[in-house]
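Quick note, the sequences are listed as chains A and B, same order.
Position in the first sequence (from 1) plus 7 gives the number in the working numbering.
Position in the second sequence (from 1) plus 16 gives the number in the working numbering.
Every residue, glycine too, gets a C-beta built ideally from N, C-alpha and C.
The block underneath contains the structure these notes are about, expressed in structure tokens.
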Amino acid sequence: MIMGERVKLTRPEGFFETFDRRPGAVKKNMHYCPGCGHGILHKLIAEALADFGILDRTTLISPVGCSVFAYYYFDCFGVQVPHGRSAAAATGLVRANRGSVVIGYQGDGDLAAIGFNNFIQAANRGENYCVFFVNNAIYGMTGGQMAPTSLIGQKTTTSPYGRSEINEGYPLKVSEMVAQLQAPVYVERVSLTSTRNIMKARQAVRKAIKNNIEKKGFSLVEVLSGCPVNLKMNTKQMDEFIDTRMTDYFPLGVYKDESAERQTITYPTPVFDAEKVREALYPDKIGEGVADDYRCGSAIFDRELRIKIAGFGGQGVLSLGLILAAMGKQRNFNVSWLPSYGPEMRGGTANCAIIVNRGTIGSPIVDSNCDLLLILNKPSLEKYLPELGENGVLFYDSSTIEEAPAVKPGQMLFDLNASDIAEAFGNLKCANAVVLGALSAILKARFLDERDAADIDQLVPDALRECFHGKEKIVNMNIEAYRLGQQKMSEKLTD
Amino acid sequence: MSEKVKKSHRCDIISDECKGCARCVNACPKQVLEMGTKLNFMGVPFAVYKGEGCIGCGACFYNCPEPGAITIIEITADERP
Chain A
8 MIMGERVKLT RPEGFFETFD RRPGAVKKNM HYCPGCGHGI LHKLIAEALA
58 DFGILDRTTL ISPVGCSVFA YYYFDCFGVQ VPHGRSAAAA TGLVRANRGS
108 VVIGYQGDGD LAAIGFNNFI QAANRGENYC VFFVNNAIYG MTGGQMAPTS
158 LIGQKTTTSP YGRSEINEGY PLKVSEMVAQ LQAPVYVERV SLTSTRNIMK
208 ARQAVRKAIK NNIEKKGFSL VEVLSGCPVN LKMNTKQMDE FIDTRMTDYF
258 PLGVYKDESA ERQTITYPTP VFDAEKVREA LYPDKIGEGV ADDYRCGSAI
308 FDRELRIKIA GFGGQGVLSL GLILAAMGKQ RNFNVSWLPS YGPEMRGGTA
358 NCAIIVNRGT IGSPIVDSNC DLLLILNKPS LEKYLPELGE NGVLFYDSST
408 IEEAPAVKPG QMLFDLNASD IAEAFGNLKC ANAVVLGALS AILKARFLDE
458 RDAADIDQLV PDALRECFHG KEKIVNMNIE AYRLGQQKMS EKLTD
Chain B
17 MSEKVKKSHR CDIISDECKG CARCVNACPK QVLEMGTKLN FMGVPFAVYK
67 GEGCIGCGAC FYNCPEPGAI TIIEITADER P
């Protein structure tokens with residue numbers, strides 16, 4: 008008599024042999040509670056991935072929820088995404104690589120609550136990936152709170168008297184909703200209660216993955232699964248709860264299946280033309296530029312410069328900030344520009360903070376130790392003068408602020424009637440360029456070395472071109488206003 | 017002398033990978049599995065195979081939430097001379 012042995016069913020090859028990513032001593036088991044449905048569904052997916060031979064081109068997206076660590080287990084690519092953003096990540100993954108297989112694994116909190124809009128939009132677009140939606144009618148990981156899918160009357164930690172349709176509404180029927188959409192190819196609800204149901208779920212999992220491989224579009228498999236711990240039941244009671252109470256409200260079955268009729272979707276070939284990308288991002292070459300190792304030599308640039316510009320909305324406060332930031336950027340500084348507006352846009356104060364630093368910039372907020380304060384109206388002066396640093400420089404528009412503000416010893420004060428000059432020039436909107444001219448005159452006279460002083464008149468037009476690119480008329484007008492402001496301020500400084 | 021190829025099955029359970037949820041015990045159509053009384057290294061009682069009667073249907077394997085706790089072995093006894 009000859010005896011032979013063959014392994015008929017064992018640990019699927021879609022899993023790692025040992026779960027080395029899992030911390031702790033247990034390396035062969037998953038982290039789920041005893042009797043949890045996740046393990047069963049994981050097994051069905053792992054088996055299918057191995058059987059189809061697609062482990063090397065599959066990405067499984069782990070959600071937030073109990074299955075957050077799904078990437079510990081599957082021997083394919085894994086991404087763990089923020090709560091509910093599975094569909095967004097899946098869209099990127101499938102679009103970037105049309106040959107890939109993408110699986111969104113989501114729970115009822117992740118899919119039906121926080122991520123529902125992401126999910127339903129991806130389904131409606133018919134993104135070519137499949138979603139396994141684990142519906143256990145409760146929030147498992149966080150300790151049994153009410154989920155969008157909790158049943159009417161179901162007691163949870165956040166619905167201690169039972170879910171009431173008047174207070175919390177009805178449980179969300181996700182499969183039914185998705186089946187109403189045009190794009191999805193396959194929608195089925197299965198459960199994991201008995202061997203018969205598990206084998207049905209196995210077929211559904213395989214069909215959804217197959218649709219993904221054959222590029223037929225979006226598939227959803229909703230899986231009614233148990234959470235014995237939070238439902239406070241043993242596995243037998245839990246299966247009974249699913250088979251009676253849950254399937255009563257969430258009937259099992261195929262809600263939509265066009266897998267056979269649908270053709271493989273042909274996607275347009277994306278164009279990656281480096282020249283076209285460059286053109287889109289950087290339409291014109293702006294100015295002569297400087298070499299990467301160019302450094303401005305003036306002493307004021309040896310440390311971080313914190314600038315705040317404030318005035319009322321419409322004075323060009325924000326664009327003046329952008330121009331300053333562009334100047335810094337074009338001379339190899341790191342810069343940040345943080346605008347602040349809102350209700351103040353109409354008549355109140357608008358401001359922006361600019362930080363210029365050779366090194367790394369931390370917070371982009373300037374609310375103290377300000378090195379340069381450019382103030383264009385009176386309310387801003389009152390509001391922001393306290394933020395001026397010990398040796399800070401204050402410049403204000405004397406056409407709107409008649410009385411010179413009191414500054415502390417060590418602080419420097421400059422002013423010019425910029426708005427009046429701009430009005431006389433013919434365009435009040437150029438007041439910010441006049442201020443910029445005045446600022447350059449102050450910098451040249453007091454703060455810049457010879458090379459930087461000569462450089463600034465070249466730099467300002469370049470920065471203006473960057474900020475208003477394509478609008479040569481506006482650029483030229485602003486350059487003129489800039490020169491005017493510079494001239495007036497120089498005259499004032501030499502007086 | 018019978019000239020037959022006889023097939024039988026066996027269910028191997030790795031005790032340290034079992035969490036004792038008893039899904040396999042409930043699922044087995046032949047009731048050849050039972051919950052044991054010993055504890056494994058995680059400290060839970062684990063399911064055990066009674067030793068005979070397995071028909072290799074795979075119900076326990078697919079009901080088990082653990083990846084590799086259960087393995088189904090097909091045994092071939094070739095009784096031909």
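If you compare alpha carbons, which of the options is closest to residue i?
i: Q210 (chain A); options: A:Y391, A:L227 and A:I307; result: A:L227
i: R105 (chain A); options: A:Q128, A:T65, A:C43 and A:P258; result: A:T65
i: H90 (chain A); options: A:S74, A:F81, A:P468 and A:K222; result: A:S74
i: K207 (chain A); options: A:Y177, A:G260, A:E247 and A:I368; result: A:G260
i: A273 (chain A); options: A:A452, A:E134, A:V194 and A:S406; result: Note on identity: in this sequence residue 273 (chain A) is Thr, with Ala being the wrong assignment. Of A:A452, A:E134, A:V194 and A:S406, the residue nearest in Cα terms is A:E134.
i: P70 (chain A); options: A:D462, A:T367 and A:G111; result: A:G111
i: C44 (chain B); options: B:C34, B:S31, B:C27 and B:T53; result: B:C27
i: C458 (chain A); options: A:E265, A:V33 and A:S305; result: Reading off the sequence, residue 458 (chain A) comes out as Arg, not Cys. Nearest of A:E265, A:V33 and A:S305 to R458 (chain A), Cα basis: A:S305.
i: L16 (chain A); options: B:D94, B:C37, B:E95 and B:I71; result: B:I71
i: R472 (chain A); options: A:C40, A:L331 and A:C377; result: A:L331
i: R365 (chain A); options: A:L329, A:R302 and A:D404; result: A:R302
i: G116 (chain A); options: A:A452, A:G151, A:R132 and A:A96; result: A:G151
i: E394 (chain A); options: A:T407, A:Q418 and A:N384; result: A:Q418
i: D94 (chain B); options: A:G11, A:P30 and A:E409; result: A:G11
i: A32 (chain A); options: B:S31, B:F62, B:C73 and B:M58; result: B:M58
i: I52 (chain A); options: A:V141, A:N131 and A:A103; result: A:V141
i: G233 (chain A); options: A:V181, A:C43, A:L401 and A:F81; result: A:C43
i: K50 (chain A); options: A:P178, A:I216 and A:F81; result: A:F81
On the CB-based measure, 16 or more other CB atoms within 10 Å of its CB, does residue i come out buried or exposed?
i: L55 (chain B); result: exposed
i: R203 (chain A); result: exposed
i: H476 (chain A); result: exposed
i: I316 (chain A); result: buried
i: V324 (chain A); result: buried
i: F257 (chain A); result: buried
i: P277 (chain A); result: exposed
i: I314 (chain A); result: buried
i: F77 (chain B); result: buried
i: F139 (chain A); result: buried
i: F126 (chain A); result: buried
i: T200 (chain A); result: buried
i: R170 (chain A); result: buried
i: Y489 (chain A); result: buried
i: E82 (chain B); result: buried
i: V14 (chain A); result: exposed
i: F225 (chain A); result: buried
i: K214 (chain A); result: buried
Please look up how many angstroms separate the CB atoms of residue i and residue j, rounded, as I've assumed it's under 8 Å.
i: R269 (chain A); j: E229 (chain A); result: R269 (chain A) to E229 (chain A), Cβ: 20 Å. No contact.
i: V297 (chain A); j: N341 (chain A); result: Contact flag wrong, Cβ pair sits at about 15 Å.
i: I145 (chain A); j: N237 (chain A); result: 5 Å
i: A429 (chain A); j: S497 (chain A); result: Not a contact, Cβ separation roughly 17 Å.
i: I368 (chain A); j: S343 (chain A); result: 5 Å
i: L423 (chain A); j: A411 (chain A); result: Contact doesn't hold; Cβ gap of about 12 Å is too wide.
i: E50 (chain B); j: V41 (chain B); result: 6 Å
i: A96 (chain A); j: I121 (chain A); result: Not really, about 14 Å apart at Cβ, beyond 8 Å.
Answer yes or no: does any C-beta atom of chain A fall closer than 8 Å to that of residue i?
i: F62 (chain B); result: no
i: T87 (chain B); result: yes
i: M17 (chain B); result: The pLDDT assigned to M17 (chain B) is 48, lower than 50, so where the model puts this residue is not dependable; a value taken from the coordinates is nonetheless given after this. Taking Cβ atoms only, chain A never reaches closer than 8 Å to M17 (chain B), which makes this a no.
i: M58 (chain B); result: yes
i: T92 (chain B); result: yes
i: G84 (chain B); result: yes
So is residue i in contact with chain B if we call contact Cβ pairs under 8 Å?
i: T251 (chain A); result: no
i: G11 (chain A); result: yes
i: M240 (chain A); result: no
i: V14 (chain A); result: yes
i: I110 (chain A); result: no
i: Y79 (chain A); result: no
i: Y39 (chain A); result: yes
i: T202 (chain A); result: yes
i: I205 (chain A); result: yes
i: N36 (chain A); result: yes
i: K243 (chain A); result: yes
(request) Could you name the residues of the segment 43-69 of chain A whose beta carbon sits closer than 8 Å to any beta carbon of chain B, in the order they occur along the chain? (result) C43, G44, H45, G46, I47, H49, K50, L51 and A53
(request) Return the residues of the segment 16-33 of chain A that lie within a Cβ-Cβ distance of less than 8 Å from chain B, sorted by chain order. (result) Only L16, T17, R18, P19, F22 and V33 from the segment 16-33 of chain A bring a Cβ to less than 8 Å from some Cβ of chain B.
(message) Any C-beta of chain A within less than 7 Å: which residues of the segment 33-44 of chain B qualify?
(response) Near chain A, meaning a CB-to-CB distance below 7 Å, the residues of the segment 33-44 of chain B are E33, K35, G36, C37, A38, R39, N42 and A43.
(request) Please list the residues of the segment 310-321 of chain A that have a C-beta atom closer than 9 Å to any C-beta atom in chain B, keeping them in chain order. (result) none
(request) Note down, in chain order, all residues in the segment 65-82 of chain B with a beta-carbon under 7 Å from any beta-carbon belonging to chain A. (result) G72, G74, A75, F77, Y78, N79, P81 and E82
(message) Tell me which residues of the segment 122-150 of chain A have at least one Cβ-Cβ distance to chain B shorter than 7 Å, keeping chain order.
(response) Within the segment 122-150 of chain A, no residue has a Cβ lying closer than 7 Å to any Cβ of chain B.
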